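Colleague: Going by our numbering, the sequence shown opens with residue 427, and the numbers climb by one from there.
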Amino acid sequence: MRLIRIIGLALFLASFALFLSLFFASEFTLTKEIFSDNVKPEHQESLLPVMESLSGKKFDTSVSFSNALSDAVESVNNEFRQQQQWDKVIYDDYVGTLTKISLTGIVRDQAPLLMILIFGVGALGAFMFIIPKSSLELPGIKNNGIFFHALNNRGWIGVLIGTLLIVFYIFLYFYDAYIVNWIVLVEPLKKWIDPNGSSSQWFLYGFLYTFAVVVMGVRMIIKYRHSRYQIFRTISVMFFQLALAFLLPEILVRLNQPYFDFKNMWPLDYDFFDAWHISMLTTAGGLGIFMFAWGITLFVIGVPVFVYFFGKRWYCSWVCGCGGLAETAGDPFRQLSDKSLKAWKVERWLIHGVLVFAVIMTAAVIYNFITGTSSFLGLDTYNHLRKPYGFFIGAIFSGVVGTGFYPFMGNRVWCRFGCPLAAYLGFVQRFKSRFRITTNGGQCISCGNCSTYCEMGIDVRWYAQRGQNIIRSSCVGCGVCSSVCPRGVLNLEMKDEKGRFGQPVLLGNNVESN
427 MRLIRIIGLA LFLASFALFL SLFFASEFTL TKEIFSDNVK PEHQESLLPV
477 MESLSGKKFD TSVSFSNALS DAVESVNNEF RQQQQWDKVI YDDYVGTLTK
527 ISLTGIVRDQ APLLMILIFG VGALGAFMFI IPKSSLELPG IKNNGIFFHA
577 LNNRGWIGVL IGTLLIVFYI FLYFYDAYIV NWIVLVEPLK KWIDPNGSSS
627 QWFLYGFLYT FAVVVMGVRM IIKYRHSRYQ IFRTISVMFF QLALAFLLPE
677 ILVRLNQPYF DFKNMWPLDY DFFDAWHISM LTTAGGLGIF MFAWGITLFV
727 IGVPVFVYFF GKRWYCSWVC GCGGLAETAG DPFRQLSDKS LKAWKVERWL
777 IHGVLVFAVI MTAAVIYNFI TGTSSFLGLD TYNHLRKPYG FFIGAIFSGV
827 VGTGFYPFMG NRVWCRFGCP LAAYLGFVQR FKSRFRITTN GGQCISCGNC
877 STYCEMGIDV RWYAQRGQNI IRSSCVGCGV CSSVCPRGVL NLEMKDEKGR
927 FGQPVLLGNN VESN
């Protein structure tokens, strides 16, 4: 079994190395035909003089080619701005489009084979490494040196992975032309789902995201196989990510319907009330109107009802894609969450500040849609609200920091400090819910497993030692604290609201009933 694991690890690392090497594996040549076929006629006259020097010239990397294109387009736009010819400024993304079409080489010619070698062999290697562990170790969580491992405690492996993730997210959001080789790599899968479609950085991201959740979900099931709750919860997030978040929206597009993730909702889906999104849904016929009504119903009625009966775990730990990635791919880093009081104070200010920002921005967007204006309380809605939110919250916080900082700050950085939907769910859970984690302090041996593995930075042991209910608004009900408790002190329960607050601390088993 150990040999199988070693072979599996070698296969996975080889496939990962091949994936990274493809970043440098193509050439790029802009031809007159590509230029004329993909640049709008009204832009060709102004762009042709600066593009002629690039025509026919070979570039070895996407970085050098896209930078040359970007400089050419920007030089033309700067002239228009200096002459105050604002109507002639070019906003089309010709850099990404031309970079993708100008690509030649092994990635373009052998994309299906490379997909199999990278993702097929990679998944096989990962499973060969993960599955045999079930026969080598007994079920249950063991504190076998997680704080002395180069991956799990900000060691060189963790720093390397975190750096790669941060760089990838920066490229994804701001320099998508740089990763065009990887975008073309998944083109066969996109064509298989939608023959008329074309791969983009968002399709690449969705596929990689889903791949990570599914593969690491198997690891999660093996690791927590002693807990039925963890097994079912992991299967749930795997299903919702694969079926509802990745496949169904792509199938809808193939059927000429709007792209729609039925499990995503405002305020996490912060552009739900944007004019373009409302128009897209309401002009798409009955299904589009149903999508719009579903989205409103989900956060207006669904959230309070489901949180009342099940706590915020119904979404954050069973459905949400962000939570799904955190619980699977991010599980090796859950112990890195800061449990200090200072971190808790920062958490409360940040996450509720983002929620307030989202509410104000949404109110402005709805006001603009109804009135047909572009400002709100004297502020330009796009430049002062929508654009800053998209950049700082939608890209930097939720993407670059939210996932890239897994190996540095734990797997729930975004969920804990930034997600406005988590803040909304937390409000309801804190004050109007049947859900709580009950404790029995008389059985607690203060081993600290519960606090160590709490991804939300809750000092669970503090509550367990006193026999107090855990009703923190930040708790996502993942149940790992209960799963790693050797004494069965912690239990996720849904009871009547009476007794959640203000009850005396009960210790031990000798408690007189009232």
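Glycine is no exception: its CB is placed at the ideal position from the N, C-alpha and C atoms.
On a predicted model such as this, the values are computed, not experimentally measured, just so you know.
Within 10 angstroms of its Cβ, does Glu881 collect 16 or more other Cβ (buried), or is it exposed?
Modeller: Counting other Cβ atoms within 10 Å of its Cβ, Glu881 reaches 16 or more and is therefore classed as buried.
Colleague: Note down the Cα distance separating Leu474 from Ile527, rounded to an integer number of angstroms.
Modeller: Each residue's alpha carbon lies about 17 Å from the other.
Colleague: Note down, in chain order, each residue of its chain lying with its Cβ closer than 8 Å to the Cβ of Thr525, except the 5 sequence neighbours on either side.
Modeller: Closer than 8 Å at the Cβ level, and outside the excluded window around Thr525, lie Phe454, Ser488, Phe491, Ser492, Leu495, Ala603, Val606.
Colleague: Considering Cα atoms alone, identify which of Lys559, Lys924, Ser452 is closest to Met427.
Modeller: Proximity to Met427 across Lys559, Lys924, Ser452 peaks at Lys559, based on C-alpha coordinates.
Colleague: Which residues in the same chain as Glu938 place their Cβ atom closer than 7 Å to its Cβ, once the five residues preceding and following it in sequence are excluded?
Modeller: Because Glu938 sits at a pLDDT of 47, beneath the cut-off of 50, its placement in the model cannot be relied upon, and the following sentence gives the value as read from the coordinates. Cβ neighbours of Glu938 beyond the five flanking positions: none.
Colleague: Can you tell me where the beta strand (DSSP E) with Leu916 in it begins and where it stops?
Modeller: 916–920
Colleague: So Glu453 is in the alpha helix (DSSP H); what residue range does that whole segment cover?
Modeller: Here Glu453 belongs to no alpha helix (DSSP H); instead the beta strand (DSSP E) covers 452–455.
Colleague: Are at least three pairs of beta-carbons, each pair with one atom in the segment 827–844 and one in the segment 682–690, less than 8 Å apart?
Modeller: no
Colleague: Which residues bound the alpha helix (DSSP H) around Gly588?
Modeller: 582–600
Colleague: Over what stretch of residues does the alpha helix (DSSP H) that includes Leu444 continue unbroken?
Modeller: 428–447
Colleague: Using 8 Å as the cut-off, can you tell me whether the segment 911–921 makes contact with the segment 864–875, which would need three or more C-beta pairs spanning the two stretches below that distance?
Modeller: yes
Colleague: Which same chain residues, not among the five before or five after Thr636, have their C-beta less than 8 Å away from its C-beta?
Modeller: By the criterion of a C-beta distance shorter than 8 Å, Thr636 is surrounded in its chain by Gln667, Leu668, Ala671, Phe672, once the five residues flanking it on both sides are discounted.
Colleague: Can you give me the C-alpha to C-alpha distance between Ile609 and Ser626, rounded to a whole angstrom?
Modeller: 6 Å
Colleague: Taking the CB atoms as reference points, tell me whether Gly798 and Val663 lie closer together than 9 Å.
Modeller: no
Colleague: What is the C-beta distance between Thr457 and Gly482, in whole angstroms, given that I count them as a contact (C-beta under 8 Å)?
Modeller: 7 Å
Colleague: Tell me which same chain residues have a C-beta within less than 8 Å of the C-beta of Asn940, skipping the five on either side of it?
Modeller: Reliability of the predicted coordinates at Asn940 is poor, the pLDDT of 41 falling under 50, and the value obtained from them is presented with this limitation in mind. So no residue of the chain qualifies.
Colleague: Which residue wins for smallest C-alpha separation from Tyr696, given the options Asn569, Leu439, Ala752, Ile792?
Modeller: Selected option, being the one with the closest Cα: Ile792.
Colleague: For Asn936, which residues in the same chain have their Cβ closer than 7 Å to its Cβ, ignoring the five residues on either side in sequence?
Modeller: The predicted position of Asn936 is uncertain, since its pLDDT is 48 and thus under 50; a value taken from the coordinates is nonetheless stated next. For Asn936, where only same-chain residues beyond five positions count, there are no Cβ hits under 7 Å.
Colleague: Determine the contact status of Arg507 and Val515, defining contact as a CB-CB distance below 9 Å.
Modeller: yes
Colleague: For Gln894, name the three-state secondary structure that DSSP assigns.
Modeller: coil
Colleague: Quick check: what's the CA-CA separation for Gln531 versus Ser452?
Modeller: Note on residue identity: the sequence assigns Gly, not Gln, to residue 531. So the alpha carbons of these two residues sit roughly 5 Å apart.
Colleague: What are the start and end residues of the alpha helix (DSSP H) that includes Phe637?
Modeller: 627–649
Colleague: Would the beta-carbon of Gly825 fall within 9 Å of that of Leu674?
Modeller: Going by C-beta atoms, Gly825 is not nearer than 9 Å to Leu674.
Colleague: Along the chain, where does the beta strand (DSSP E) containing Thr709 start, and where does it finish?
Modeller: Going by DSSP, Thr709 is part of no beta strand (DSSP E) at all; its letter is neither H nor E.
Colleague: Nearest-angstrom Cα distance between Ile715 and Val547?
Modeller: Each residue's Cα considered, the two are about 42 Å apart.
Colleague: Cβ of Arg739 within 9 Å of Cβ of Gly905?
Modeller: yes
Colleague: Thinking Trp692 and Phe725 are a contact (beta carbons under 8 Å), I'd like their distance in whole angstroms, please.
Modeller: 5 Å
Colleague: Who does Ser862 pair with in a DSSP beta bridge?
Modeller: The residue you asked about is not Ser; residue 862 is Arg in the sequence shown. Looking at the DSSP assignment, Arg862 forms a beta bridge with Glu919.
Colleague: If we call anything under 9 Å between Cβ atoms a contact, is Ser859 one with Ile884?
Modeller: no
Colleague: Mind checking Ala436: buried by the 16 CB within 10 Å criterion, or exposed?
Modeller: Flag for Ala436 reads exposed.
Colleague: If you draw a straight line from the alpha carbon of Gly828 to that of Gly750, how long is it in whole angstroms?
Modeller: 13 Å
Colleague: Is Thr487 helix, strand or coil when you go by DSSP?
Modeller: coil
Colleague: Within 10 angstroms of the Cβ of Leu767, are there 16 or more other Cβ atoms? Answer buried if so, exposed if not.
Modeller: exposed
Colleague: Can you tell me which of Phe843, Lys649, Leu851 puts its alpha carbon nearest to the alpha carbon of Phe732?
Modeller: Leu851
Colleague: Can you name the start and end residues of the alpha helix (DSSP H) that Thr530 belongs to?
Modeller: Where Thr530 is concerned, there is no enclosing alpha helix (DSSP H), although the beta strand (DSSP E) it sits in stretches over 529–531.
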